[in-house]
Structures are given as C-alpha cells and as structure tokens.
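Everything below concerns the one structure shown next.
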Amino acid sequence: MIPVLIVLNAGSSSLKFQLFDIEGDVEPRLVWKGLYEGLGGAAHFIVRHAGGADLDEMSWTSGAEFGHEEALMHLISWLRQHQERRTLAAIGHRVVHGGQAFSAPVLVDDHVVQALEKLVPLAPLHQPHNLEPIRIVRRRLPGVPQVACFDTAFHQTQSDIASLFALPREMRERGVRRYGFHGLSYDYVSSVLKDYDPRLAEGRVIVAHLGNGASLCALKGGVSITTTMGFSALDGLPMGTRCGAVDAGVIFYMLREMKLTPEEAERVLYTKSGLLGVSGLSNDMRVLRSKATTDVDARRAIDLFVYRITREIGSLMAALGGVDGLVFTAGIGENDTATRAEVVGCLAWAGLALDEAANRTGGPRISSGSGPTAWVIPTNEELVIARQTRTVLNATRAKLAS
Ligand code: AMP
-13 MIPVLIVLNA GSSSLKFQLF DIEGDVEPRL VWKGLYEGLG GAAHFIVRHA
37 GGADLDEMSW TSGAEFGHEE ALMHLISWLR QHQERRTLAA IGHRVVHGGQ
87 AFSAPVLVDD HVVQALEKLV PLAPLHQPHN LEPIRIVRRR LPGVPQVACF
137 DTAFHQTQSD IASLFALPRE MRERGVRRYG FHGLSYDYVS SVLKDYDPRL
187 AEGRVIVAHL GNGASLCALK GGVSITTTMG FSALDGLPMG TRCGAVDAGV
237 IFYMLREMKL TPEEAERVLY TKSGLLGVSG LSNDMRVLRS KATTDVDARR
287 AIDLFVYRIT REIGSLMAAL GGVDGLVFTA GIGENDTATR AEVVGCLAWA
337 GLALDEAANR TGGPRISSGS GPTAWVIPTN EELVIARQTR TVLNATRAKL
387 AS
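If you number the sequence shown the way this note's numbering does, the last residue is 388 and the count never jumps.
If you want it as structure tokens, here you go:
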C-alpha cells in the first residue's frame, strides 16, 4: 500500500484538497487536487488529475444541507473508492495563525486545538474555517493523525525589533506583536530559489505574494527578516477586500463618529475595503483591468495597489540594505502582466529593468540588464503543507519507536 496525505485548505464556503503520495524518501508527489465550493448551499465538487485533466465532478442542489462535514466525509469515501492501493497516513491543514506558541508545524491534539481556538480573534476571517475540518476529523476519523501547518511560522526568524509594535510592554507580553502571514507561500518560494538562481537564494530577495490576500516578505539567505503583514492579516498592502495598513485613528473614528459596532468596523476593513472598496466594483484584478480605461475608480484602485506595493518594496529594501531580486507570486503576481510591468517600472530608480517580452510570456526571469533581477515563480503552499506533514509524521513515529 502506498501511504498518502490529504492536504486541506478550508474557507468559509469552500474546501480545497490535494492528495499526495509520500512513498520513499523523495518529494511528496501530487496525485489529485480538487475543491468543494458553495458549501452550505448549492455545493459543487470537482477533482482533477495532477496534470490538470478532469477526473470527476458532482453537484448538490441548494436547500440540501451540505457543509464542511458532509464535504469531508464525501471526500473520504470518494478517495476510498478511487485509491485501492493507497492508505491514508495523515491529513495536513493550512492554519493561518500559530500565534506565539507554534513556531513550527505540530501534530494536533486536544491541547493544540484549544490553543488554536484562542487565536480566532487574531484571524477572525480565516482561523475558524481552518479549525473546523480539524474538529470534524477528530470526531469522525479519530485514528487519523492531523498536522497543523501555519502561515505565521516562517516569520519566526524576524528579529525582536522587526516584530515589535511601539505599544506598552504588557501588550507584547499578551502576544500583540507583528507575526506575518503567507508563510507557507514564502517557504515554498525560498525553497526553490536555488533552482532559478543559486546566488539569489543566498542573497537579498523581496517576494511579492499578490493574490486576493497580498503581502511582501524580505528574505536574506532564504529566511524572513521582515514582512508587511503584522498582528492580523489586515496590515500592509491593500488586498482584494482588505484595507491593508490604515492609521489606527480611522478605527476610532468609525467607532465614535460613525457609530459602527466593532463587528461592523471589522467587516468594513476585512470585506468591503481594498480593491473592492476603492473601485466600488470588484475585488478581482481581471475585472478591474478590463474596466481600467473607462472606469476612473477601477484605475484608481489599481494605481493605489501598485503605489503601495512599490512604497513597501522601498521599505523592505531599506530593511535588507539593498536588493538582489524581486519575485512575483500568487494569482495576480503570477498572471497579471500589467501589475508586474507597473511595479518594475516604478523601481527603475533601484536599477530594475523590465524584459517586456519575457514578462508577456511569464518569465521566469522578467528583467534585463545588470541590476537586481525580477522573477515570476508560481507558489505551491500545498506542497509545503505536504512536506511539513510528512516531517512531523516521521518525527512522531521515530519518537514512539525510541
Ligand atoms: P489567489 O488568492 O492567489 O488565488 O489570487 C486570486 C486573485 O488573482 C484574483 O482575485 C484575481 O484578481 C487574480 N488573478 C487570477 N488570474 C488572473 C489573471 N489572469 N489576470 C489578472 N489577475 C488574475
């Protein structure tokens, strides 16, 4: 029997999954990937081969109660029917916040679940959904080992100063500090940099994870020295629907003068701001690009996005003492030629020069000249979760055997 891992990434109404073979001492190999969408309503399931070819598809009518638990149990039974020679070794989960306690992936037990629940207020939009499948598996499949892999863990290498807010000391003691997110994505990019340019892997690199969530990370010798996200996944760059950095005074204004409740203010900052808020149109860069020549607000949203990215790149360059390379990744970074061109164009002062033809075809190297280089590197957070899950599983087995 071939041991396999399921990697889960749960959202409010979706459950993404990938199945990896972990036989032998080689990189985990993707077998199938898929997702459930519309959970809690008209749910839809699709699964594809690793190469992208469709394998199976199913829909459930709206009104039928088909949530995360039903999806997970359906997935397990679907896998049992389709994987005769495979046995489930563990499930790895993307968990957005590991707080102060978890600086590395961890085998889930009661204590871990309780500790992760306490972090819900720090990531109200993501953490509850990440924890739900963990609880379901513990209840329905209690014998299956589960590993939690954190978006915050990669940034544990930040210095004390880089992770500090200028707030009273007791707040730091309560865990109010800069954590940083998208760590699974940065971990992947850092792990493959040597395949693109071995010298870059040792150097000063800024990675731009530009998706529906967006942040930048400064890597020195492959480890995070600082990042634009902080205590929550709100800080830093404007995102699809999140505001990015705002003056904290704005929040008091919302509460006192606009009479918003904390929950209403939170909803505005997480779900009604960013590209959507500024454009009044969409959080999807494809829609904004298609309207940018005729719609002033769509153009303004894109311009603000690019302006904030380039300003923050300047800040990260200062933290790194210069830059050797810039990497674009995630939905916008990997696909939106125009955003890459605009950002690199704004960095001519730092010696970056765009190779327009390479940028049009997706690189991987999209710069010319002898200055800092620019790259497009597709991220693979699921592979990092599979790697980490296997490492924790092997370490646990070794401990039990000793
Ligand atoms: P992610 O969160 O990494 O899945 O990225 C999602 C975002 O990527 C979407 O909201 C789109 O704005 C953007 N995106 C995906 N494909 C394209 C594309 N071909 N051109 C421009 N933006 C894209």
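The C-beta atom is built at its ideal place from N, Cα and C for all residues, glycine as well.
Beta-carbon proximity list for residue i, same chain, < 8 Å, skipping 5 on both sides
i    : result
E298 : L202, T214, G222, L223
E43  : H30, F31, I32, V33
G357 : A336, G337, L338, A339
M157 : F151
A36  : R15, L16, V17, W18, K19
Q132 : A76, I77, G78, H79, L93, V94, I120, V123, R124
L441 : Since the first residue of the chain shown is -13 and the last is 388, residue 441 is not available in this structure.
A148 : R164, I211, T212, A305
Near the ligand AMP: residue i beta-carbon under 7 Å from a heavy atom
i    : result
M215 : no
I391 : No statement about residue 391 is possible, as the shown extent of the chain runs from -13 to 388 and does not include it.
Other residues of its chain near residue i: CB distance less than 6 Å, five sequence neighbours each side excluded
i     : result
A134  : H79, V81, V92, V94
V330  : L338, L340, A360
R72   : I(-12), V(-10)
C332  : T296
G166  : H141, T213, M215
E55   : I122
M271  : I318, D322
S89   : A139, Q142
A65   : Strictly speaking, residue 65 in this sequence is Leu, with Ala absent from that position. The answer is none, since no qualifying residue turns up.
E23   : S0, H30
Q400  : Because residue 400 is not part of the residues shown, which for the chain are -13 to 388, the question remains open.
N(-5) : K2, R80
Q86   : G161
L41   : V33, R34, H35
A204  : I192, I211, T212, L302, A305, L306
Cβ-based neighbour list, residue i, same chain, cut-off 7 Å, excluding 5 preceding and 5 following
i    : result
V273 : L267
S259 : T227, R228, C229
Y182 : P350, W361, I363
R346 : T323
A251 : I237, M240, L241
F52  : L25, A29, W46
A109 : V82, H83, S218, A219
L262 : G226, T227, S268, N269
E188 : G207
M59  : R126
L290 : P224, V264
H112 : V82, A219
| query | Considering only residues of the segment 7 to 75, which uninterrupted alpha helix (DSSP H) runs meet the minimum length of 4 residues and lie entirely inside it, listed in chain order? | reply | Runs found: 54 to 68.
| request: For the segment 289 to 368, list the beta strand (DSSP E) runs that are entirely contained and at least 3 residues long, ordered along the chain. | output: 311 to 315, 359 to 362
| said: As an exercise, report each continuous alpha helix (DSSP H) stretch of at least 4 residues that is fully enclosed by the segment 107 to 149, in chain order. | reply: 113 to 126
| query | Taking a cut-off of 7 Å, which residues have a beta-carbon closer than that to any heavy atom of the ligand AMP, in chain order? | reply | A residue is listed when its beta-carbon falls short of 7 Å from at least one non-hydrogen atom of the ligand AMP; in chain order these are G197, N198, G199, G226, N269, D270, M271, R272, R275, A316, G317, I318, N321, D322.
| field | Cβ contact (3+ pairs, closer than 8 Å) linking the segment 111 to 127 and the segment 156 to 165 | value | no
| Is there contact here, the segment 176 to 190 with the segment 241 to 256, by at least three beta-carbon pairs under 8 Å? | no
| request: Examine the Cβ distances between the segment 187 to 200 and the segment 310 to 325 and report whether three or more of them are shorter than 8 Å. | output: yes
| field | alpha helix (DSSP H) segments (min. 4 residues) lying fully within the segment 149 to 212 | value | The DSSP assignment places 155 to 159, 169 to 182, 184 to 188 as complete runs of the alpha helix (DSSP H) inside the segment 149 to 212, in order along the chain (cut-off: 4 residues).
| said: Could you check whether the segment 169 to 177 touches the segment 279 to 294, counting it as contact only if at least three pairs of C-beta atoms, one from each stretch, sit closer than 8 Å? | reply: no
| said: If we require 4 or more residues per run, which alpha helix (DSSP H) segments fall completely within the segment 215 to 263? | reply: 234 to 242, 248 to 257
| request: Identify every run of the beta strand (DSSP E) within the segment 72 to 104, keeping only runs that are complete inside it and at least 3 residues long; order them along the chain. | output: 72 to 81
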